[in-house]
Every structure is written in structure tokens, then in C-alpha cells.
Amino acid sequence: MRHGETMRYLSTTAAQRAEMLRTIGAEDIEALIDRIPSKARLDRELMIPAALAEADLVAHLRALAERNADAERYVTFLGGGAYDHYIPSMINHMLLRGEFFTAYTPYQPEASQGTLRTIYEYQTMICELTGMDVTNASVYDGGSALAEAALMAHSVTERGQIVASGALSPLARRVVETYCAGPRLPVKTVPWVDGVTDLDALRKAVTGKTACVLVQYPNFFGCLEDLDQVAAIAHERGALLVVSVDPVALALLRPPGSVGADIVVGEGQALGNHLNFGGPYLGLFSCRKELVRRMPGRLVGATVDLDGDRGFVLTLQTREQHIRREKATSNICTNVALVALAATIHMALLGKDGLPRAATLSTAKAHYAAEMLGRVPGVSLRFTAPYFKEFALRLPKNPGTVLRALRRRRILGGVALGQFDRRLKDSILVAVTERRTRAEIDAYAEALGSAVA
Amino acid sequence: MRHGETMRYLSTTAAQRAEMLRTIGAEDIEALIDRIPSKARLDRELMIPAALAEADLVAHLRALAERNADAERYVTFLGGGAYDHYIPSMINHMLLRGEFFTAYTPYQPEASQGTLRTIYEYQTMICELTGMDVTNASVYDGGSALAEAALMAHSVTERGQIVASGALSPLARRVVETYCAGPRLPVKTVPWVDGVTDLDALRKAVTGKTACVLVQYPNFFGCLEDLDQVAAIAHERGALLVVSVDPVALALLRPPGSVGADIVVGEGQALGNHLNFGGPYLGLFSCRKELVRRMPGRLVGATVDLDGDRGFVLTLQTREQHIRREKATSNICTNVALVALAATIHMALLGKDGLPRAATLSTAKAHYAAEMLGRVPGVSLRFTAPYFKEFALRLPKNPGTVLRALRRRRILGGVALGQFDRRLKDSILVAVTERRTRAEIDAYAEALGSAVA
Amino acid sequence: MNEYDKLVFELSVPGRVGYSLPEADVPEADPARLLPAAHLRRTPAALPAVSEFDAVRHYTRLSRMNFGVDTHFYPLGSCTMKYNPKINEDMARLPGFARLHPLTPEEASQGALQLIGELGEMLAEIVGMDGASLQPAAGAQGELTGVLMIRAFHLDREGNPRKKVLVPDSAHGTNPASTAIAGYQTVQIKSEANGEVDLLDLERHLDEDVAALMITVPNTLGLFESRILEATGLCHAKGVQVYMDGANLNALLGLARPGDLGFDVVHMNLHKTFTTPHGGGGPGAGPVAFKAHLAPHIPTPAVVRDGDAWRMDWKRPKSIGKVQSFWGNFGMHVRAYTYIRTMGPDGLRAVSENAILNANYIRARLLPYYDLPYEGASMHEVVFSARRQKAQGVSATDIAKRLLDLGFYAPSIYFPLIVEEALMIEPTETESKETLDEFCDAMIQIAKEAESTPQVLLDAPVTMPVRRLDQTLAARQPNLRWTPPEPTR
Amino acid sequence: MNEYDKLVFELSVPGRVGYSLPEADVPEADPARLLPAAHLRRTPAALPAVSEFDAVRHYTRLSRMNFGVDTHFYPLGSCTMKYNPKINEDMARLPGFARLHPLTPEEASQGALQLIGELGEMLAEIVGMDGASLQPAAGAQGELTGVLMIRAFHLDREGNPRKKVLVPDSAHGTNPASTAIAGYQTVQIKSEANGEVDLLDLERHLDEDVAALMITVPNTLGLFESRILEATGLCHAKGVQVYMDGANLNALLGLARPGDLGFDVVHMNLHKTFTTPHGGGGPGAGPVAFKAHLAPHIPTPAVVRDGDAWRMDWKRPKSIGKVQSFWGNFGMHVRAYTYIRTMGPDGLRAVSENAILNANYIRARLLPYYDLPYEGASMHEVVFSARRQKAQGVSATDIAKRLLDLGFYAPSIYFPLIVEEALMIEPTETESKETLDEFCDAMIQIAKEAESTPQVLLDAPVTMPVRRLDQTLAARQPNLRWTPPEPTR
Ligand SMILES: Cc1ncc(COP(=O)(O)O)c(C=O)c1O
Ligand SMILES: Cc1ncc(COP(=O)(O)O)c(C=O)c1O
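Chains as they are written, first to last, in the working numbering: chain A, 4 to 456; chain B, 4 to 456; chain C, 1163 to 1651; chain D, 1163 to 1651.
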């Protein structure tokens, strides 16, 4: 082994190894692993690259990182489920506290009150945003949250069909389909009209066999669904209403809890977490309290200690895999606690005034952008439905070509929609957060003008 | 006041302010400051720029930062007292622990054992490198350390003249001159020959009035002084020997303590600290134990607590300004504890094997670079004295022009020496650390070839 | 005892601000004019209002109420609580990674795709498989993914997915749970007296209805399944696929490879073996490596080489589909990649060797004091039983709590289920002999206290921010969110 | 009580490695062949040998033995222990700043020079001066720089530097110490009964030998010198320069400016007023702002505008020279710049208003319990005396130690020297009313304990990692470095 490179994460020296082997009563390490049949032993070195010294490795990774068009060097209007919102710098400093990020799931609550308290805060804040009674400690991401909601609705209603809005994130919908394959739950997709779920079609799709209706708010196109109507349609037939949300938008928009949603899920990345090329993200999961015992994932509850002092524990664990095994409400074990911690601190910092302000700025700038981009000759808004911070734009030229031209001007102009829906192959999805400035939007409009000219 | 921008570092709300004023019994804040004569009050807003939102400010500072040719985007051969050595990434994570970086000088030792212990470790490690008995908790930087050493020698010897090697860092020497102005201590500079102190001239300069001889090892040109000789000359006349060192080099080189140095100082930046455009840096300060009561700066000592357990405190404070005021050994109060902490962790991580290895790699690569650069037609080594990780190179063309040409190829080729010494206006000082690769050195040689062609 | 007992809501004061947002720079910024009234919230969400400093001190203080690997030995069995290198964190935060949007076109995210692709290749080599999918977000999702791949494989070949998955009784809870979600009936296979899977029982259960055997190597007792080649062979003879739960891969790096043991698919926990931090519960990453015959079924998109470039391959009609909205926990991939490139082949092998050494050292030192129900050779962890102490009136829980007072996190307890009063100890390779000795000394002290002063154990912990907590109350009267106290007058 | 009592040397095990350095890639890497033998060390420095993880856990644990502003209220008077914004740390770590070499040519370091230049201009405006030099590394070095500038000024004008500097008896120790190093005799000026400087005494001392008056505003009692305009006027009438110790500038931002008060030169402590962290003792930064007549004497190089660019001006023959090898603590300049641009003019004014409010609130709440020897209006801090408690057998030290047990760092004690049993409390503007109330409650509890249960105070602290430490032993038998224990057999 070479100097340093491989040894700095190991603490046992050769002399200590010998001493330890003596205590164990083994001749050498080989003697400890002789239970592995020799036929099963690897008789060569792993064929992976040799160790790199720290400085060389940093240089290598930096070079890889620089081959990506990130939101630091590019002005980004990409959305579609992941957003470049403002992240107070302070959050990262808290995440780097070793006591937080090198801890495990708080199985010993007395030595994990820090984590437990932050989760309890998180549960409370997400309940506030969604308007629901109960929130779990997180699931993996928005897509798997939606999938878990479908399975939970199936188990609550004991019905076998899932009805999904066609204006769901197509990526999240695919996750739902994957999770529904095992229990063989057909996922029926209801088409969209003018950017929102076709309510007539929905009414037809929902039957007495429907476990739930899955709808997104704001939806994949950024448009605002009529949740009252969707709720009425679902509940009329005894189906549960599952709403997938953008938590930033909920700082300003009506919480699904207030329209009678049964389960609210969503992608929480926008709350204080970086884009990270898609993960780790944050699966939000809230429901009505009557359903809590069918809920997937961990829950933290308040209780008291022997002295009567307040303390926090993991609770209602009989839902979980480590206790209920094949009868558990979900297979989830590791979740995304640290991502939820970032979200918690983000919500605390922005707080009661700031989160609505970020939401307001985002929607205001999105509307300004829609106006400015819509003025470019040949370019128009694809839909007329009200939208929040994201909108679809119809282009007079091939979107791929236009987006490439914009990239050359360091603008990530939007997401080409043709990859998700052939009917939209002339359109792009443009997201605008409070982080974009008017000057950047104006520059985008100008660049788009040249690109489509 | 606008939303957020200015308020996020203040915690008192308007309602609380009113309540507090009630408790105080004051009508308003104005009532609290009416002791300031109205003639003395500022009757307008400060004329500084309006507050910037966090994201805008980050963008602004990033733009400023990017206008600098830093060692991340350029391959650097700059030295002359500040070096681009490898810094294990782990160090920064420890410095960011709030308990370390937001603490004050450990005046309450029971609540400051963390800081006190790291300083005690630091004192020990620097003693090991310098070969001296005692090390203080740090002074500002290498230059002020040298100046403090001159003043200390003056007070120990009660003599009034300072003799300085001409191969000292010219910048550090200017600091010595500044500090010596008040007590009117003339600083006599002894010329260099072939990159090292002219010993004959030194012998003549040192008299019975000499308080100390200041010499640097390796010296400003990277060359190795004959410390035995210098020590003999100084001590023969009863002067103290003050050696300014590069602590990285001392991992490999003879410690000045072993040749009889009385005071050893130095610039400690190279131990785990970034270049930071010149500061904060780390003033090393060690001496013989007989001199400890004349030493400037803080000292941490081991002691016991009421239960007999080991603990650490600031000690021998009667040397210091807060107790001795005008009779203190120095005026220093705030030092550079956090920089010393970085150095401590650096020395711990590299440790007994690693620091010599970094030093070895540096000197090896420097010798390789000297060889390769010296092969460029018209280019030659300026001196023949042995050198450590830095050497002077004579160029056949104006160094400013050559360095500019190199910069266009993302190489910071060295420091033009003409700015410090007219005799060296055809030369540059080239520093090579273990961080430079052979490929970078070869590329430099190739670029230098074109630049001087 | 509780020095600090605040929730952030209890710091909230109306009007305090912890953020910094720019003023609106666009002409219209009144939501009431931009959005239909019906969509607007009537009352604001009751989030707290705190200053940045309030939040810094609050969360810093909360952090200090936690044990973490950085502060304490954390011998939590099965969880591989090793040192999480700091450089990993730095690399994951490079803007080119951290601020990269998942829908950035392939040509503009080549660095990220290369990292995913190369990490997949390295992981596949480490486990001796033909490829790896990095999409699963954690071990359990890896299991689901793997079982669904097996399901798709059977469906494709036989027109039906088969019905059952065999799982040993020592398995982790996620194994049966994942199996169930994948639509299979879980059938439990017994362990032999020596703790290894009972091959006779296995053989008895193997029939045409069995889709897969799911087994953990080394198993949750820390034992290598010495007849694993036979087991995988038996399965394959019946067309049964063999899934390896790779949570314990830390015992095998460079020593043995699941692929060579006959496994068809294996998941890894990057947050165990490959040093990505656990973050107080997550995130993790659970890549799945597979033999070539399962390749058609892996999640879309597959990240594949395309000449010198990398691209996302979406055109895989037999794929199980997606398990994450995007491409997996990329931030964790960066960390694991950094780690593997730091260690190299000899380094990885040294990891497992030292992990095994450390576990055996603890085993040797504690053997006189605690019962070892399964005496086979330990790999990277050792599972004792506190049944002797239980007879003295002291449970595994009591021992765990006492350890907290003595400055150590606790082992996993009551898992695996087949061990009475289980104490599952996994030291990992990054801990020093000195730490192991201190831990063993503490465990020995506890064994003696169980005899002499059991009350000390029953009362523990007494040095934590809280004493033992009332779990029953928490479950009977769930209090799952903060509510403002009733106003008092 | 001491949970952890290791020094890094005590973790050292020969052969352990905590670094990662590349192999030599050049042909010759044997120091014995590169360097003359006479220059080579014979025995290696006895540095420790630890793994990276050893070091992480060690330093993390040590950190937990400290109080910091992030964890505790830190009312250390005169030190302005306010919140240190995290964004400052991020900005100082941008590679364009952190990895910039000080000898980078001006044309290639324009961003850094601009930052220094603009920060100097902002600071000059804040204190009402004509310019600022950012070279001094801390307050004390700022003092030395300022006094040397005054020295150069007199020398230039009068051919001699004069002899004396007047310093009030309430001054911080660095004032007389800096004065002495600058070659001046310090003459102490008395304070009046009201705590302000005695103008009659001042006038008595003002003669042609006096180079300067050095005075702190607000003074170390937290009082604004209400007759400061008279004082500076008196001085100027005698050709005496007036230096302001600006350590307490946190009381004056946007309210009053030293320049307008008649001062010729003032230093600022960026690590107090402008939120750069104290780092457990430093680094700081002590810029000096000056009136135009002193400009020729400031340290070289001056950073000056040159059209649209910035450059370093070295050609200043009347300069005092350099006080730092390079240009000052640039890393601190970045932080202070970030802070000032975050706050803006209204924000800075709010800082001082709130700092004053907070100090007065504490004063009002504690007035019934502690003596206030100087009753003038408090600015940003308040100095009580524990003489009443002293009479009950309890000293300022005892009160300080008890505060640690109650979860607060201690005020500055026994400073200023003119206050018996001084308790110097500076809350700063970043602390909330809730925290102030908790602190006041604790102080009141202590006052009551001094009467009723003084032993509790005398025994304190009992919850820290160590109990009270033997200072005498430390000074009598200095143990200033670790040495390996004698080998025992
Ligand atoms: C043996 C075993 N299998 C599976 C898992 C599940 O992995 P994860 O928590 O990443 O979902 C774990 C971890 O808890 C485990 O220890
Ligand atoms: C009033 C006063 N003057 C001067 C100083 C010295 O400043 P520094 O510690 O930055 O050298 C201090 C700080 O300790 C102070 O409080």
C-alpha cells in the first residue's frame, strides 16, 4: 500500500494488527475469513483505478464538475419538478455539523434528541403548508411519495384502480406505475385540456373501484388545477384524493387540506436544497389523522421522560418494516432526514413572511417572463389556464435547436416538452424563481428573439 | 428598512423595542443617546451603498473574486513568503465548528478547554519543529514576529542595535524597521553574496552593541544560510540569534534550536492555511526557556483543577498588556488563534511522516524545476548556494514581460525580484511545492521557452 | 437535566426575519392581481419568525444533543457507521454538481453522466456483476428494484412472475417488506443451529412458484454463508433467481464478489460501505448491480457509454420503469465515487480486512462476558446475546442505555430477531484499537454491573439531555406536531 | 467530570497516517542527494501520527469543550461578541480570494484590490475620516500604526516626535502598551467621578511635549464622553493629535463619527464591530482611518484608485513603513465588506441603536441587584460592580463561574481597572430580548445566591469539563508543552 492514500481512513497499524490477532488467537487475517470457500474468493485485485492522492482527486472531480452547465455559470429557467430557489448560506453550515450528518436514524432517542426535534419541527411545518394533520419524517422524493400514496390509498380503500391526472409530472407518474406493478394496480391516465386535467374525462374515469385520484398542484405545466372539483369527483365515488404539491407555492396557494385532500405528497427539494442533478431530494408525505396508521415511513412524536420532561421519540413504529416485515405499510427504512433538515431550517429562516415572499416573487417574475417571452414574434403561451411559477411556451422553431442556441449565451431556457408528450413537441416549459432578475429575463427574451428569428 | 436585508442579524422587533424602552424608562432610543452632543451627531445617513440581498451580494463578490488570478485557476510558482502547499480538506471542516471560530480568547478557561488544548498542542508542535523550548500562542504574521523578536532581543540584552541579514524577506525587514522606529533602534543590513548572507560583512557589522542578528532560513531567495557560522558570530559578541524559518522546511532541515538560536520566528501560513492575499497569516514565535518571561504574546500552560484533573489555562500573563500595560513585553492582544488551529490540525494530520514527506516532495520538485527551467536557452539559476523549495532565476528578457506572457497561459511563473532589489531586476523567484506536478513544471519550462524566445 | 428544551416555534416572535430576499424588480408583484382569488391561501401557514442568529444558535444547540460518528463510537450493527470523509462533502458541493439541474440536456451534463457511468462500472466490478443501476435511493428501494427486475425477468421468460420469494428468518425487515410490495408472498427459510441458512429447508421450498431467494451475505449474524455456492446452485437449478442484500458488503471488498458467488442481482448501500453519511436517517443510495440477463429490466434511463460520451438510454421496453423521479441520489454518487477513487483496489481490500479484524477483536474480548449464540466465524460484525444479563434482570435495552452514559452509542439491539436480547456490534474498519478497547472495557464494566449493581443499568441514562422516554405514551396519544400553547391569562 | 481528556499526542500511534500526498513524480526525491548533509535534521520532529478520523473526532470533541457565540450568550464586555454571519465565511472562502497569492501582480488581482479599496472608503465614511489603511492585523496593531503615524507627523512638522501620550486611566491595556512600543512615555489621565475623562486633568497635562491624546469613545465604562468636542479642541490648540480607540464603535454607527468629533485618527476592530469572528483569540483586523494631514504617513503600500483600476502605491517617502509582511488580514476584509454591504446605512444604524437598547435593558433589569459605580447613560455596554456581593464573600470571579453553570459565558471581569470587582456586560445587538431576559434572570438568581447560598458560587463551575483551575501552579511551574510520559515498566 502506498503512503497515505489508502491508509488515512484506517487506524490500525501493522503492529496493532499483530497484537489484535494475538488476542483473537488467529494467525493472520486469512484465518478469520477461511469460512469463505476458496472457490468463492477473489484471487486477484479489483480492477478499479489505483488510489488518487487527495489533491489529484480534487482536480479530477473539479474537471468533471466543470463539464456541466450548472446554475452557477448559467442563468437557468429549468424546472419541471426541480427548482433553483434561493438557499440561505447558513443552512449548509448547520448541515455540516458532524452531530447531524454523521448520526444514524434516531434509534436511541436519548442520544438523538437533536435529530428528533428537527424532525418534529419538520412534521409541523409541512402540516402547516399542506393543511394536513400528520406528516411523516420524509420519503425518498416526490415521485416515490406519489407512488407510496397510491399504495396507501389502495390499502385504505381496498380498491384496485389508480386514476392519474395527465398533468402529473410524467417522471413521477412512471414511478407510480413501477410501484403499482407488483400489486397489479392499473394506473389510468386522464388527459389534459389547456394545461389542466380534463374534468369531464376525470369524472368518467373515476368509478367505485377507484382507490384514489392523483393530481398535481401546481401541475407539471405550472398550471393550477381546480382542486374543489377534483375533490368532489373523487370523494363522490369514495376514492381518496391525493395531491402532489410544490411546497413553495403552498406558501401562497390554498392548502390541499382545506379542499379535503386525503393525502398530500410532493417534491420538497425547492425548500433549501440544491438541484444535485436530481437527488437526494425530499419526498413530502402528509395525510389526515384518521389514516395515520396506514402511513408509510417514520413518525416522531412528543412524549415525556422519567422525570416528566419533554422528549421526542420515533413512534407508531408498528407500521414499519423492522417490526411488521412483510405486513409493513412500506418497505422504506433509510429516508432523507438530512434533506428534510435543510428544508426545516429553510422554512424556519424564511418563515411566516419570507416563504410567501419568495413565492410571490417567483410568481410575479414568472408572469413578467411570460409576458416578455410571449412578445417575441412567433412565440406564445401554450395554455391559458392560470399558472404559478412555470409555464409552457410554444416556439416557432425546433425547441432543441432554440435551447442549444440559448445555451451558447449561457442561458438554460427551459425544458423541451416533446420528450414527455408528443403533442407538445413544439413547446418548452419555462420556470422562474425569485432568484431570476428582471435583467436576466429581459436578456432571455432578447436571446430568444435572435434564436427564433 | 426593507424586508429582510437588514433585519436578519437583529432579533428585536418593534413591539419588543417598545417594551424594553418601557422597562428602561426611556421614551425612545433617542433618549438613550442624548449624552452625545447634538453638534456631534450625524444628521444624515451614512453614504455607503444600500443593503444588498444575499443572492445579489454573493453574485457581486463572486464577480470580484473572479477578477483575480488565483491558484485554483492558475498554476502557481509564486512564493516569497507565502506558499501554495497542500491543505487537507478536513481542516476547514474543523475550523467551521462554531464552538471554535465564534469563541473569544479563552479568558474563562473552564468554558474554553477546547481552544486552550489546541493551543497547547500547537505550542508543543512548533517547539518540535524549531527545536526551541517555548512557543507562544501566535503573533500576527512572520513580519511582525520578526519585529517582536528584535524588540525582545533589545529588552533582553539592553542593547540598541539590530543587525539584519540582507537575505531576509525585504517585506518582513520593513516591518522590523517600523517597529524599531519608536524605540529608535537602528537596523543595520548586511549584504548578501551569491544568495546568502555575506559572513565577512556580518562579522564586521556585529559589535558589542548589537542586540541581535536576524537571519532567515531558508532565506528569501530560498537558499540555506550557514547557521552555525551566523550563530558563532552573534554569540561571540553577546548578541542574540534570531532565526526566521519556514516551518515546512524544518520538517527536513536542522532546527535552529540545535544550532543555538535564541529566538525562532517565522511565517506559518504554509501550515494548512490558504494564501488569502496575504492574511490572516501566522506569526510563529519560539525561544529558549530562560527568556520566556520576556516573550510577547499569550502562553497556555497545563495545570490541574480542584479535583486534581488536568486542565489548561492562559499563564504567565504578567507579561501581557492587560496586566502590565505600558510595561508589557508587547502590545499584542488579539492574535491569530484560528490560523494557529489550522496549523495545529495540519501538523497533526501530516504528522511525523507526512510533513517531512511534503517537504521532501517540495524540495525535490523545486530541484527538478530548477533543472528544467535552467535548460531554457538564456535562462540560468541566479545563485549557486543550496536552496530548498525556492530559487532565483535569471531571465534573458524583462521579467515583467515574461511573467505576463506566462499568465496568458495560466501560469503564475514567479515573483519579479527587481521590485525588492535593483541588482536582481533581471531575475524572478520561483517557488515549487509538493502541489505542483511534473507535468505542470514541464509545461512551465515549455512556456518559458516560448516567452523568452 | 435538559439544558435546552426549545422548539423553533417557541423562539418565534412576530416580525422577526431570518432571510434576505431582493425587492420585486418587475412591475406587478401583487399575487391578488396575478392569480385567481380562489387559489389564494386565506391564512398564512404558521411558520416561525426567527432571526438568522436565532436559527444558528437553535440548530447548533440541537446538534449538540446528538451523538454522531464524528463525536462518538457508533457500533450500530448492520449500519456500518464508519468515518464519513470530509473531502466527500466538499466534492458533492462543487457547483458543477450541486447546482446542476436534472433536466439539463445530456450534452451539457457530460461530467455528471460520466461520474454516474464510471461509478456504476466500478461498483459492478466490486461485486462481480455485469452492470449497475444507480437509480434506487436507498437499500430498501434497491431491494424493490431488484425484485421487480426479477419479476420482469420471469414475466418475460415464462409469461408469469411466479409467486413467492424465499427469505431467511434472520433477514432485515426491508427484505420481506420489499418483497411484499413487489407483489410476492414472502416465505421464511429457517436458519440452522450454526446461524447459516438451512439448505435442506431451502431445498424443500424451492419449486416453480418461487421467483427468488433473497439472502444477506455475510448474514445479519455477521456470518459468511459458507455453503452459498451450493445455495445459489440449487436455486438456479429451479430457475430461481438469487438476490443478495449487500448491506454487509463492507466485509467482502476485494475478498469475494456476489457475482462470483452465483448471485443474479445485489444492492449496495452507499451509505454503509461507501462512506456516504447517514444524515440522521438519510439520504442514502442503493445501487443495484446485476448479471447481463437482467439488464433489459433495469430502471430507465440507463446511463450508457456512447463512444467517448455518455448518454441516457430510455428505449428499454422491458424495463421495470422508474423508481425515482430523476436519476437517483446523485449527491451520494459523488461521495461514493470520491471514496472509491481515494481508496483504490488495495485500499478497499484493507477496509474489509480491518473491518473483520475489528469485529473479531471485540468478539474475543467480550466472549467471556456475553453469550454468543452463534459461534461461527464472525466477519465484520458480531452478535452477542444479553440473555445471561437478562437472567440478572437487565435487558439489552438497559445495556444500550448504560453505554450512552459511558460515552458510546449503542449497538443494534433486538435484531436479528432470531437472537434473544441481541446486541449486534459492528465496529467498522475506521475505528482504532484504542477505541475498541475503551468500548470493550465499558461493556465488561456493564456485565459486571449487571451482576453487582443492576440498578445503575436500569436507571441509565442519566447524562443525556433526557432520561428514558415514555414510548407507550407516545404511541397511545400520538403528538406528531407542535401546536401553540393555549393562551393563558 | 472530564469526559474527554486527550491531547492529540496521546492518540498517536507510530505508523498511522492522516494525509494523502502523491508519489514523487520527479526523478530524484532523496533529500540526502538534493541537500547538503549539514542542513538535514538528524531526528524527526516528534509530531503525532494519527489517522484523519482520529483527528476529526479529537478536534470535534475538543470543540465541544468550548462556549462560542453560536452556542451561548457571550456578554464579554469590550469584545462585541455578536453573531458572525455564515455568509461571510462562504465569501472569504471563494477561491478567487482564498487562493490568491499576495504577490500576484496588481493587474491580476484587481478584484481583491477593489475590495480593499472600497472597504477602506466605506470605513472612512463610517468614521468620518478622509481615508483608511487596512494593513494593521488587529486593534493593538492599529493603535501602534496610528501612534507611529502621529509620531511621523510631528517629526515631519517639528523635527521631533514629542515625548508623551496621554491615556485615561480607564483605557484598555493595549493603549499604554502600544504607546510604549511607539517610543512614547504614557501619562495617565484621571477619570472624573462620573466616569468621563477629567478635562481639567487633561488640560493640566497638555504641553508641547505631548504628542497625542488616546481615548476610547464610548469609553470602557460604556459612557459617551459628552465633552469630547471640548477635549479634542483643547488638544488641537496645543498641536496635540487625538487618537480614538474605536473598539467600541458598535455604539456609534450612523449616530456619530469620530472624524466629526475632532479625532485625527481612529482604529476599528473589524472583529468586533464588523462581525469577523474571533476564532478563539484571533485573527482580527484593525484598520486605521485618518484625516488628510496624516495621509503621507500611513503604511505602505496604500491601495489607491487609478482611473478605473486600483493599484498599490509604494512611493510614500513619509510613510511609517510596513506593519505586516503583506497587505493586512485580507480574509477579514472580505468578511467585513460582506457584512457592510449586507447591512447598508440604515442597517448599520439599527445595529448601534439595538446594541444600546440591549445594554440599557440589562442595566435597568440588574440595577436593583448590582452596584453601578458610574451612573451615566450607558451606550452599548454597562459596567456593574460586584462590591456588594464582595461584601457577602463572593467575587466577580465567582459570579462569572456561576454563570457558566447557568449556561452563559461570563462578562469581562476586573476591567476597566477603575471599577472595583468590575462586571462589564456587552450584549450586542444580535441577541434577542428573550436571551437578555434569561441572562438577567440568571444574574438576579446569582445575586440572591450570594446572599443565601454563597457556597454555590464559590464552588462553581460544576458542569464544565473541568472545575476551577490552579492558576498559581500554572505560573509557578510553567508547563508549556507536552512531553511524553516517562516510560513505565
Ligand atoms: C441488512 C440490511 N438490509 C437492508 C437494509 C435497508 O437499507 P436502507 O436503510 O438503505 O433502505 C439495511 C439497513 O438498514 C440492512 O442493515
Ligand atoms: C477597548 C479596546 N481597545 C483595544 C483593544 C485591542 O484590540 P485587539 O484585541 O484587536 O488588538 C480591545 C480588545 O481587546 C479593546 O476592547
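Every residue, glycine too, gets a C-beta built ideally from N, C-alpha and C. Bear in mind that the values here come from a model prediction, so they are computed numbers and not experimental data.
Could you tell me which of A/186, A/190, A/216 and A/210 sits nearest to residue 200 of chain A, measuring between CA atoms? A/216
Could you tell me the distance, in whole angstroms, from the CA atom of residue 1608 of chain C to the CA atom of residue 1223 of chain D? 24 Å
Closer than 9 Å at the beta carbon, the chain D residues around residue 93 of chain A: 1247, 1248 and 1249
Environment of residue 414 of chain B [buried if 16+ CB atoms lie within 10 Å]: buried
Distance, Cα to Cα, residue 370 of chain B vs residue 1269 of chain D? 30 Å
Expressed to the nearest angstrom, what Euclidean distance is found between the alpha-carbon atoms of residue 160 of chain B and residue 127 of chain B? 27 Å
Would you list the one or two residues that DSSP bridges to residue 191 of chain B? B/166
Is residue 1409 of chain C near ligand 1, judged by its Cβ being under 7 Å from some heavy atom? yes
Going along the chain, which residues of the segment 1437-1463 of chain C sit with their C-beta nearer than 7 Å to a C-beta in chain A? 1439, 1440, 1441, 1442, 1443, 1444, 1445 and 1446
Cβ neighbour criterion (16 or more within 10 Å) applied to residue 33 of chain A: exposed
Check residue 1525 of chain D in the structure and name its three-state DSSP category. helix
For residue 1644 of chain D, count neighbouring C-beta atoms within 10 Å of its own C-beta (all shown protein chains included) and say buried if the count is 16 or more, exposed if not. buried
Who does residue 1326 of chain D pair with in a DSSP beta bridge? D/1347 and D/1372
With distances taken from CA atoms, which of C/1187, C/1180 and C/1241 is nearest residue 1211 of chain C? C/1180
Determine, using beta carbons only, whether residue 395 of chain A and residue 365 of chain A come nearer to each other than 8 Å. no
Please find out if some non-hydrogen atom of ligand 1 comes closer than 7 Å to the beta-carbon of residue 1658 of chain C. Nothing can be reported for residue 1658 of chain C: it is not among the residues displayed for chain C, which extend from 1163 to 1651.
Using beta carbons (cut-off 8 Å, strictly below), is residue 99 of chain B in contact with chain A? yes
The beta strand (DSSP E) spanning residue 1464 of chain C covers which residue range? 1464-1468
In chain order, what are the residue ranges of uninterrupted alpha helix (DSSP H) at least 4 long that sit wholly in the segment 1555-1597 of chain D? 1558-1567
Under 8 Å, Cβ to Cβ, is there at least one residue of chain D near residue 238 of chain B? no
Interfacial residues, the segment 421-453 of chain A to chain B, with Cβ spacing under 9 Å: 437, 438 and 440
Taking a cut of 7 Å between CB atoms, which residues from the segment 1209-1225 of chain D lie near chain A? 1213, 1214, 1215, 1216 and 1222
Rounded to a whole number of angstroms, what is the C-alpha to C-alpha distance between residue 1449 of chain D and residue 1278 of chain D? 11 Å
State the start and end residues of the unbroken alpha helix (DSSP H) segment that holds residue 286 of chain B. No alpha helix (DSSP H) holds residue 286 of chain B; the beta strand (DSSP E) holding it covers 286-290.
Mind checking which residues open and close the beta strand (DSSP E) that includes residue 1471 of chain C? 1471-1475
To the nearest angstrom, how far is it from the Cα of residue 382 of chain B to the Cα of residue 451 of chain B? 9 Å
Name the residue from B/86, B/157, B/307 and B/59 whose alpha carbon lies nearest to the alpha carbon of residue 418 of chain B. B/86
By the three-class DSSP mapping on this structure, what secondary structure does residue 127 of chain B have? helix
Which residues in the same chain as residue 1467 of chain D place their Cβ atom closer than 7 Å to its Cβ, once the five residues preceding and following it in sequence are excluded? 1279
Quick one: Cα of residue 1482 of chain D to Cα of residue 406 of chain B, how far? 31 Å
Quick one: does the C-beta of residue 1334 of chain C sit closer than 7 Å to a heavy atom of ligand 1? yes
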